[in-house]
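Enquirer: Per the numbering used here, the very first residue in the sequence shown carries number 1; after that it's consecutive.
The structure is given below, and queries will be raised subsequently.
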Amino acid sequence: MPFSEPTTEPFEPLPAPPASSSEDRIFRKLTDILDEARNISIYKQSDYLAENLSGYTAEELTVKNGLLLEYAVKNNDAKAVEFLARKAQWPAESYQNTALYAAKQGEGRLLGAVLSIAHPQKSALLHQLNDNFDSYDGQVQGEIKKAKDSHLGAGWKIIGQGEISKTVRTYTAALERVFNFNAMNVTTIATQDKAVSVTERNFRDCQDDADIQEAYEKLCVFEKNPPVYKGKDTGVEPRRIARRNTIQGAPS
Numbered sequence: 001m002p003f004s005e006p007t008t009e010p011f012e013p014l015p016a017p018p019a020s021s022s023e024d025r026i027f028r029k030l031t032d033i034l035d036e037a038r039n040i041s042i043y044k045q046s047d048y049l050a051e052n053l054s055g056y057t058a059e060e061l062t063v064k065n066g067l068l069l070e071y072a073v074k075n076n077d078a079k080a081v082e083f084l085a086r087k088a089q090w091p092a093e094s095y096q097n098t099a100l101y102a103a104k105q106g107e108g109r110l111l112g113a114v115l116s117i118a119h120p121q122k123s124a125l126l127h128q129l130n131d132n133f134d135s136y137d138g139q140v141q142g143e144i145k146k147a148k149d150s151h152l153g154a155g156w157k158i159i160g161q162g163e164i165s166k167t168v169r170t171y172t173a174a175l176e177r178v179f180n181f182n183a184m185n186v187t188t189i190a191t192q193d194k195a196v197s198v199t200e201r202n203f204r205d206c207q208d209d210a211d212i213q214e215a216y217e218k219l220c221v222f223e224k225n226p227p228v229y230k231g232k233d234t235g236v237e238p239r240r241i242a243r244r245n246t247i248q249g250a251p252s
């Protein structure tokens with residue numbers, strides 16, 4: 001069988017590799033700055049980061065889905081994490097990944113810096129960290145507890161399994177609301193001088209569930225297996241609203 005004649009058509013050269021994207025260039029510059037900062041005195045790092053990163057927008061700092069924050073954490077770069085934490089709203093995936101990585105590695109300071117970020121996913125992240133609380137070292141546990149206490153907020157208190165309360169006080173009065181997610185009810189205790197008024201309602205008897213939902217989200221941060229709550233109109237049959245007024249020191 002005769003050999004075929006070689007083609008006379010000109011050889012097509014391989015296409016040039018694609019130029020780096022704008023995001024790649026920005027990310028490379030940012031990581032270079034972080035790398036350079038780690039090589040100078042720790043006492044000068046904060047000033048160096050501020051001087052060299054302040055010109056970048058929040059959108060630029062969070063390119064590649066917030067990978068810069070993960071880069072800083074995985075390089076054990078606490079100064080960079082503390083700086084970046086307050087400079088942008090970090091994507092949820094990056095925010096969660098960095099916190100979980102720092103916790104797993106026993107880097108309490110890094111975890112504290114990440115948890116200092118006000119983020120819509122903070123409740124979910126704290127709940128996830130709480131699920132594995134016993135597996136972390138003491139420093140990490142301390143940072144988780146500090147973040148949980150701060151996240152709980154003024155006036156809030158965990159009473160027991162499935163119960164959380166919020167108290168508002170003035171000079172002469174106090175109003176405490178106890179949310180019981182086992183019984184699906186809320187008890188309101190109003191104290192004025194020595195008079196005490198107690199009202200108990202089913203969740204479904206409340207006008208809306210904004211306060212109930214807030215209480216449940218806070219409870220979930222602290223409990224590994226909280227009672228299931230799917231809205232005020234589910235779970236129990238309606239019942240009457242019970243009220244009673246008492247005088248402190250007298251039988252109710």
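Even for Gly, the Cβ is constructed at its ideal location relative to N, Cα and C.
Just so we're clear, the structure is a prediction, and the values are computed from it rather than from any experiment.
#1: Compare the beta carbon distance of residue 147 and residue 115 with 7 Å and say whether it is the shorter of the two.
#2: Looking at the strands, I want to know which residues DSSP matches up with residue 157.
#3: Which two residues bound the contiguous alpha helix (DSSP H) that contains residue 36?
#4: Please state the DSSP three-state secondary structure of residue 177.
#5: With residue 187 and residue 198 assumed to form a contact (beta carbons below 8 Å), what rounded beta-carbon distance in angstroms separates them?
#6: List the residues that DSSP assigns as beta-bridge partners of residue 185.
#7: Could you tell me the alpha carbon to alpha carbon distance between residue 141 and residue 178, rounded to whole angstroms?
#8: Let me know the secondary structure DSSP gives residue 228 once reduced to three states.
#9: For residue 216, I'd like the list of residues in its chain whose CB is within less than 6 Å of its CB, leaving aside the five on either flank, ordered along the chain.
#10: Using a threshold of 7 Å, state whether the C-beta atoms of residue 108 and residue 143 are closer than that.
#11: Please give the ranges of any beta strand (DSSP E) in the segment 87–117, keeping only runs that are unbroken, at least 3 residues long and fully inside the region.
#12: Run through DSSP, which three-state label would residue 218 get?
#13: Verify whether the separation of the beta carbon atoms of residue 98 and residue 73 is less than 7 Å.
#14: Closest to residue 77 by CA distance: which of 151, 189 and 39 is it?
#15: Whole-angstrom Cβ separation of residue 71 and residue 34, contact assumed at under 8 Å?
#16: Nearest to residue 93 by alpha carbon, out of 125, 37, 42 and 28?
#17: Go ahead and pull the three-state DSSP assignment for residue 48.
#18: Express the C-alpha separation of residue 220 and residue 43 in angstroms, rounding to a whole number.
#19: Taking 6 Å as the limit between beta carbons, can you name the residues of its chain near residue 157, skipping five residues before and five after?
#20: Sort 106, 25 and 223 by Cα distance to residue 160 and report the nearest one.
Expert: Let me lay it out:
#1: The residue labelled residue 147 in the question sits at position 147 within the sequence shown. The residue labelled residue 115 in the question sits at position 115 within the sequence shown. Yes. Within cutoff.
#2: Taking the sequence shown and counting its residues from 1, one reaches residue 157 at position 157. DSSP, once it has assigned bridges, lists 165 as partnering residue 157.
#3: Within the sequence shown, residue 36 is the residue found at index 36, counting from 1. For residue 36, the uninterrupted alpha helix (DSSP H) run begins and ends at 22–38, by DSSP.
#4: As a working mapping, residue 177 is identified with position 177 in the sequence shown. Here DSSP, grouped into helix, strand and coil, assigns residue 177 to strand.
#5: Position 187 of the sequence shown holds residue 187. Position 198 of the sequence shown holds residue 198. Taking C-beta atoms under 8 Å as the contact rule, residue 187 and residue 198 qualify, at a distance of about 7 Å.
#6: On the sequence shown, position 185 is the one that residue 185 refers to. Partner(s): 180 and 202.
#7: By one-based count along the sequence shown, residue 141 stands at place 141. By one-based count along the sequence shown, residue 178 stands at place 178. Computed Cα separation, rounded: 28 Å.
#8: In the sequence shown, counting from the first residue as 1, residue 228 sits at position 228. Per DSSP, reduced to three states, the secondary structure at residue 228 is coil, with no helix or strand assignment.
#9: Taking the first residue of the sequence shown as position 1, residue 216 is located at position 216. Contacts found: 229.
#10: As a working mapping, residue 108 is identified with position 108 in the sequence shown. As a working mapping, residue 143 is identified with position 143 in the sequence shown. Contact check for residue 108 against residue 143 passes: the beta carbons are separated by less than 7 Å.
#11: Within the segment 87–117, no complete beta strand (DSSP E) run reaches 3 residues.
#12: Position 218 of the sequence shown, counted from the start, is the residue given in the question as residue 218. Residue 218 falls in the helix class under three-state DSSP.
#13: For the purposes of this step, residue 98 is taken as the residue at position 98 of the sequence shown. For the purposes of this step, residue 73 is taken as the residue at position 73 of the sequence shown. Cβ distance < 7 Å, so residue 98 and residue 73 count as in contact.
#14: Your numbering for residue 77 matches position 77 in the sequence shown. Selected option, being the one with the closest Cα: 39.
#15: Within the sequence shown, residue 71 is the residue found at index 71, counting from 1. Within the sequence shown, residue 34 is the residue found at index 34, counting from 1. Between residue 34 and residue 71 the Cβ distance is about 7 Å, and since that is below 8 Å, they are a contact.
#16: Walking along the sequence shown from the start, residue 93 turns up at place 93. Measuring from the Cα of residue 93, the nearest candidate turns out to be 125.
#17: Looking up residue 48 in the sequence shown gives position 48. In this structure, DSSP gives residue 48 a helical state, which the three-state scheme calls helix.
#18: Position 43 of the sequence shown, counted from the first residue, corresponds to residue 43. Position 220 of the sequence shown, counted from the first residue, corresponds to residue 220. Just so you know, the alpha carbons of residue 43 and residue 220 end up roughly 40 Å apart.
#19: Start at 1 with the first residue of the sequence shown, and residue 157 comes out as number 157. Cβ contact annotation for residue 157 (same chain, cutoff 6 Å, sequence separation greater than five): 165, in chain order.
#20: Residue 160 sits at position 160 when you count from the first residue of the sequence shown. For the set 106, 25 and 223, the Cα lying nearest the Cα of residue 160 is the one of 223.
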